[in-house]
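Comments concern the structure below.
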Amino acid sequence: MTAEKSIAAVVVDVVARGTDRPFDYHVPETLRDVIEVGSRVRVSFGHRKVMGYVVRLSGEASYGRLKPILDVMDLVPPLTPELVDLGLWMAETCFCHPITALNAMVPAVLKGRYRRVVRIHPRFAPGTVLAPEEEALIERLRREGERPLETVLAWPGVSRSLIRQLVRERRLLVEERVGDRVTRRRTRWVKPAVSGQALRRALDALPPRALRQREILSHFLDRPEAVPLSRLLASLKAGRSSVDSLVEKGLLQLEEREELRDPFAGRSFEQTSPPPLTPEQERAFRAIVGPLREGRHHRILLHGVTGSGKTEVYLQAIDETLKRGRQAIVLVPEISLTPQMVARFKGRFGPRVAVLHSGLSGGERFDEWRKIRSGEVQVAIGARSAIFAPFSNLGLIVIDEEHESSYKQEEQPKYHAREVAFRRGMAHRAVVVLGTATPAVETIHRAGRGELERVVLSRRVQGRPLPRVDVVDMREELREGNRSIFSRMLQEALEQCVSRGEQAVLFLNRRGFSTFVLCRACGKVLECSHCDISLTFHRTNRTLRCHYCGHAEPVPEACPACDSTHIRYFGTGTQRVEEEIARLFPGMRVIRMDVDTTNRKGAHEELLGRFGAGEADVLLGTQMIAKGLDFPRVTLVGVIAADTMLHLPDFRAAERTFQLLTQVSGRAGRHNLSGRVVIQTYSPMHYSIDLAARADTESFYRKELLSRKQHRYPPFCRLFTLLFSHPDRQAVMQASFEASRLLKQTLAGRAEVLGPVPATIPRMKDRYRLQVFIKYTDEEVAKAVKKVLRHLEERAEDPELRISVDRDG
DNA sequence: AGCACGCCGACT
DNA sequence: GTCGGCGTGCTC
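Per the UniProt record's numbering, residue 1 is the first one in the first sequence, and the count goes up by one each step.
The following block contains the structure:
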């Protein structure tokens with residue numbers, strides 16, 4: 001049936017308008033039994049050679065003069081047909097080039113590497129006299145052989161035109177090399193080359209002086225299997241020469257084996273067995289394994305309070321998955337991919353787990369990936385991109401902390417791991433479990449519509465109570481003369497906690513400054529009258545602007561609510577809090593964790609390790625300390641300013657605030673000591689703060705969904721955010737206004753087009769940024785938007801104009 | 001993205 | 001008259 005494989009549709013590794021579709025190539029006979037859908041191939045494209053992925057094999061061409069596939073680059077195709085399909089779907093839904101989507105699914109080392117080399121032409125044409133610099137170049141290439149083009153260009157007296165001239169004269173050849181960045185680690189292994197009896201005879205025949213050779217041979221008499229050369233030499237204290245002479249005699253043989261780097265080599269994990277489940281956990285477990293056993297695609301929201309033992313449910317469900325010969329993916333936010341978490345999975349599944357985290361080198365990541373591709377492991381645990389783990393028979397996908405925004409990739413391809421998980425789940429008839437204490441509002445909404453089954457874990461394991469939560473009204477503090485960052489209650493609690501020898505976590509949810517404007521007397525935050533979104537302070541012209549609808553007004557002299565003049569541009573940095581602690585509590589030991597102290601690799605783990613070891617009394621940090629940490633001695637959690645996130649110009653602000661407060665509160669009192677939480681805020685009555693403090697999750701989601709519905713935000717519509725950017729302000733204004741007009745015209749009556757308005761960050765990297773929002777429900781609108789964008793791109797005469805598209809809901 | 005093809009200014 | 005500037009368009 002090779003005729004069926006005679007034509008390959010290839011997505012080439014070229015990102016440009018017009019290359020966002022496959023190109024057909026002829027498959028030479030010799031490649032027909034190795035080429036598959038998902039194979040990485042080398043092809044000629046235009047005037048050069050590039051890498052590409054086979055996305056379809058057929059017997060029919062859509063084009064007359066096909067070029068051949070030059071080469072299939074891997075023995076095992078990096079992508080499965082299912083992943084190819086997934087990639088094309090992603091390109092479609094994420095508005096990116098297919099190659100961008102396909103490349104995102106494989107380890108970075110497989111991305112194409114292109115280099116050009118210069119060498120002497122094999123049929124070097126003699127003849128005309130050469131100029132001295134030509135002579136020198138040719139002489140050097142004769143000496144050094146083939147050299148990279150960039151290297152040669154750097155040689156004295158060599159220019160592009162000189163090389164071009166010599167190529168024309170058939171004296172030099174410039175060739176393109178397409179490869180990847182793969183390095184494979186190889187080790188040498190030794191094994192007997194003859195039978196046991198022959199070995200025995202050879203041993204007897206050895207001269208008595210050949211002590212080392214004797215030892216080596218007797219080793220293989222006992223254990224005839226291959227051993228790594230280095231291990232053999234080390235254990236017998238032998239040298240290379242003895243092995244070499246045995247190889248020479250034909251008694252032993254050496255072989256090169258490719259070795260997979262094991263990032264956990266030499267580390268042992270205590271093997272654990274599944275503990276009995278609580279009745280609630282048992283119910284969740286059954287909800288997962290029911291459809292799993294039936295081989296039916298199913299989606300479950302595992303809504304469990306912090307400390308309710310979700311991980312144990314995952315572990316046992318994975319176990320069940322493996323027993324059925326299927327595989328599992330576990331996604332966790334990068335930040336909670338801590339050694340403790342890894343140890344838990346390694347402890348249960350040992351060598352059947354591949355761990356993919358950002359700390360791995362390119363090569364290690366590739367090796368973990370290959371273990372998955374080859375079926376050597378059956379469980380993959382990792383951050384967002386682990387959703388592409390190339391399993392062939394997925395049974396279960398778990399997304400832990402499913403509400404986390406890190407599951408959405410900010411760069412192209414802008415995919416959401418949750419949506420990818422659903423798609424893969426359908427393809428494999430697998431069960432998808434979303435676990436969290438604070439589901440995304442969309443997820444709750446979907447569960448309400450029956451798109452997911454919601455399973456609740458309402459109790460903490462071993463009956464530990466949720467911590468006591470106090471909300472402190474910071475307006476009151478100010479009124480009573482406390483101008484410190486710390487309320488009296490938090491000061492007191494902190495002092496008591498540390499004097500008992502326990503630890504505290506202080507949480508400040510934003511680094512540096514934010515730009516919302518707050519009245520310190522009454523807590524009023526200035527909001528847009530049309531959008532219920534905080535106004536943003538613009539220093540340049542001292543105005544307040546709404547980043548959603550464009551409304552602008554001057555900064556008022558006095559608070560519109562209470563007439564106080566204590567109006568303030570809000571913002572407190574972690575450094576300032578640290579200074580304040582030093583002032584109020586001399587001698588208290590603080591570990592500060594923010595972007596500044598953790599940008600070094602491994603710094604995160606190191607700081608947490610030191611805190612866990614009791615080297616500090618207080619852990620002070622931003623977002624990054626909100627989840628995952630579980631230290632037995634932490635009994636106090638303080639939230640310095642719960643408002644900072646609440647007033648970001650984002651329709652998810654209330655949701656994020658609620659999630660964050662609930663998550664940080666969950667950090668206190670997870671073990672035998674009881675916990676306490678103090679939340680400081682200027683908006684104690686805001687529902688996201690009040691309901692988080694009272695752990696009233698149900699009311700929060702009810703209220704938030706109502707608010708979204710009233711203001712028409714996702715999940716009650718879908719939302720496009722188009723970001724126009726350009727180094728010139730005038731140009732981006734014009735382009736975005738024009739685009740907005742065109743969109744309004746095209747989508748009239750079908751969608752709401754808002755803007756353009758300045759982006760949250762109006763200028764970034766010397767580019768001015770404007771946004772246009774499109775609210776819609778009809779999927780046809782998405783197609784229309786895509787068409788308009790394509791049209792705009794095609795006739796954009798300005799190459800500096802960039803349009804990026806984001807989609808919510 | 002690259003590179004050729006193609007149509008207008010300053011040089012052997 | 002030619003070398004080369006970079007606008008336009010295509011790549012199976």
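Beta carbons are placed, not taken as given, at the ideal position from N, Cα and C, and that holds for glycine.
For S44, write down the residues that DSSP places opposite it in a beta bridge. Position 44 of the first sequence, counted from the start, is the residue given in the question as residue 44. K49, per the DSSP bridge assignment.
Best match in Q253, P465, D808 and A695 for proximity to R712 [C-alpha to C-alpha]: Counting from 1 along the first sequence, the entry for residue 712 is found at position 712. Comparing Cα positions, the closest option is D808.
Straight-line gap, V355 to G382 (C-alpha atoms, nearest Å): Residue numbering aside, residue 355 sits at position 355 when the first sequence is read from its first letter. Residue numbering aside, residue 382 sits at position 382 when the first sequence is read from its first letter. Going by the C-alpha atoms only, they are around 6 Å apart.
Are the beta-carbon atoms of A8 and L57 separated by less than 8 Å? To locate residue 8, count along the first sequence from 1; it is residue 8. To locate residue 57, count along the first sequence from 1; it is residue 57. Closer than 8 Å, so yes.
Have a look at F486, R589, D563 and P758 and flag the residue whose alpha-carbon is nearest the alpha-carbon of Q503. The sequence position of residue 503 within the first sequence is 503, counting from 1. For the residues F486, R589, D563 and P758, the minimum Cα distance to Q503 belongs to R589.
Burial state of D690, where buried means 16 or more other Cβ atoms lie within 10 Å: Working through the first sequence from its first residue, we reach residue 690 at position 690. Under this definition D690 is a buried residue.
On the three-pair Cβ rule with 8 Å, is the region 781-789 touching the region 59-73? no
Please list, in chain order, all residues of the same chain as F95 whose beta carbon is under 6 Å from its beta carbon, the five residues on each side excluded. Your numbering for residue 95 matches position 95 in the first sequence. Excluding sequence neighbours, F95 sits near V805.
Is there contact between the region 471-487 and the region 430-440, where contact requires at least three CB pairs shorter than 8 Å? no
Just checking my contact of R460 with V305 at CB under 8 Å: how many whole Å lie between their CB atoms? For the purposes of this step, residue 460 is taken as the residue at position 460 of the first sequence. For the purposes of this step, residue 305 is taken as the residue at position 305 of the first sequence. Going by Cβ atoms, the distance from R460 to V305 rounds to 6 Å, so yes, they are a contact pair.
Hey, would you say L722 sits closer than 8 Å to V772, going by beta carbons? As a first step, residue 722 is located in the first sequence; it is residue number 722 there, counting from the start. As a first step, residue 772 is located in the first sequence; it is residue number 772 there, counting from the start. Yes. Within cutoff.
Cβ-Cβ distance between L457 and A613 below 8 Å: Locating residue 457 in the first sequence gives position 457, where the first residue counts as 1. Locating residue 613 in the first sequence gives position 613, where the first residue counts as 1. It is not a contact, given that the beta carbons lie outside the stated cut-off.
I216 - DSSP class collapsed to helix/strand/coil: Counting from 1 along the first sequence, the entry for residue 216 is found at position 216. Correct three-state label for I216: helix.
Decide yes or no for the touch test of the region 109-129 against the region 167-175: beta carbon pairs closer than 8 Å, at least 3 of them. yes
Is M588 helix, strand or coil by DSSP? Taking the first residue of the first sequence as position 1, residue 588 is located at position 588. Coil at M588, not helix or strand.
Measuring straight from C-alpha to C-alpha, what distance separates D594 and Y415? For the purposes of this step, residue 594 is taken as residue 594 along the first sequence, with counting starting at 1. For the purposes of this step, residue 415 is taken as residue 415 along the first sequence, with counting starting at 1. Each residue's alpha carbon lies about 27 Å from the other.
How would you label K310, buried or exposed, when you count the other beta carbons within 10 angstroms and need 16 or more for buried? Locating residue 310 in the first sequence gives position 310, counting from the first residue. Classification of K310: buried, given that the 10 Å Cβ count is 16 or more.
Can the beta-carbon of V469 be found closer than 8 Å to that of A642? Residue numbering aside, residue 469 sits at position 469 when the first sequence is read from its first letter. Residue numbering aside, residue 642 sits at position 642 when the first sequence is read from its first letter. Not a contact, by the Cβ cut-off of 8 Å.
Going by other Cβ atoms of all chains shown within 10 Å of its Cβ, with 16 needed for buried, is F513 buried or exposed? Your numbering for residue 513 matches position 513 in the first sequence. The predicted position of F513 is uncertain, since its pLDDT is 36 and thus under 50; a value taken from the coordinates is nonetheless stated next. Label assigned to F513: exposed.
Integer-rounded CB distance, given that I288 should sit under 8 Å from I329: The residue given as residue 329 occupies position 329 in the first sequence. The residue given as residue 288 occupies position 288 in the first sequence. With a Cβ gap of about 14 Å, I329 and I288 do not count as contacting.
CB V37 to CB P22, shorter than 8 Å? For the purposes of this step, residue 37 is taken as residue 37 along the first sequence, with counting starting at 1. For the purposes of this step, residue 22 is taken as residue 22 along the first sequence, with counting starting at 1. No. Outside cutoff.
Quick check for students: name the residue ranges of the beta strand (DSSP E) that lie wholly in the region 140-209, counting only runs of 3 or more. 172-179 and 185-192
Own chain, CB closer than 6 Å to E752, minus 5 neighbours either side, in chain order: Position 752 of the first sequence, counting from 1, holds the residue named residue 752. Only K775 meet the Cβ criterion.
Please state if the CB of L232 and the CB of G196 are separated by a distance shorter than 8 Å. Along the first sequence, read from residue 1 onward, the residue named residue 196 stands at position 196. Along the first sequence, read from residue 1 onward, the residue named residue 232 stands at position 232. No. Outside cutoff.
In chain order, what are the residue ranges of uninterrupted beta strand (DSSP E) at least 3 long that sit wholly in the region 63-136? 67-72 and 113-120
Going by DSSP, which residues form a beta bridge with R545? Taking the first sequence and counting its residues from 1, one reaches residue 545 at position 545. Answer is T536 and A552, bridged to R545.
Assuming F585 and E495 are in contact, meaning their beta carbons sit under 8 Å apart, how far apart are those beta carbons, in whole angstroms? Start at 1 with the first residue of the first sequence, and residue 585 comes out as number 585. Start at 1 with the first residue of the first sequence, and residue 495 comes out as number 495. That pair is a contact at about 7 Å.
Stretch-stretch touch, CB-based, cutoff 8 Å, three pairs: the region 402-411 with the region 264-281: no
Who are the Cβ neighbours of V332 in its own chain at under 6 Å, not counting the five residues just before and after it? Taking the first sequence and counting its residues from 1, one reaches residue 332 at position 332. Cβ within range, chain order: D400.
Taking the alpha carbon of L452 as the reference point, which residue from L526, R610, P291 and S499 has its own alpha carbon closest? By 1-based counting over the first sequence, the position of residue 452 is 452. Nearest of L526, R610, P291 and S499 to L452, Cα basis: P291.
For I689, report the span of its alpha helix (DSSP H) as first-last. Here residue 689 is taken as the residue at index 689 of the first sequence, counted from 1. Start and end: Y687 to A693.
If you compare alpha carbons, which of R201, R168, E146 and E527 is closest to P560? Start at 1 with the first residue of the first sequence, and residue 560 comes out as number 560. Per the Cα distances, E527.
Between the CA atoms of I640 and E615 - distance to the nearest angstrom: By 1-based counting over the first sequence, the position of residue 615 is 615. By 1-based counting over the first sequence, the position of residue 640 is 640. Roughly 22 Å between the two C-alpha positions.
Do L490 and V678 have their CB atoms nearer than 8 Å? On the first sequence, residue 490 is found 490 positions in, with the first residue counted as 1. On the first sequence, residue 678 is found 678 positions in, with the first residue counted as 1. Contact flag set, yes.
Compute the minimum distance between the beta carbon of L646 and the heavy atoms of the ligand COA, and state whether it is under 7 Å. Although the ligand COA was asked about, the structure shown includes no ligands whatsoever.
Take the Cβ of I581 as the centre, count every other Cβ of all protein chains shown within 10 Å, and call the residue buried at 16 or more, exposed below. The residue labelled residue 581 in the question sits at position 581 within the first sequence. Label assigned to I581: buried.
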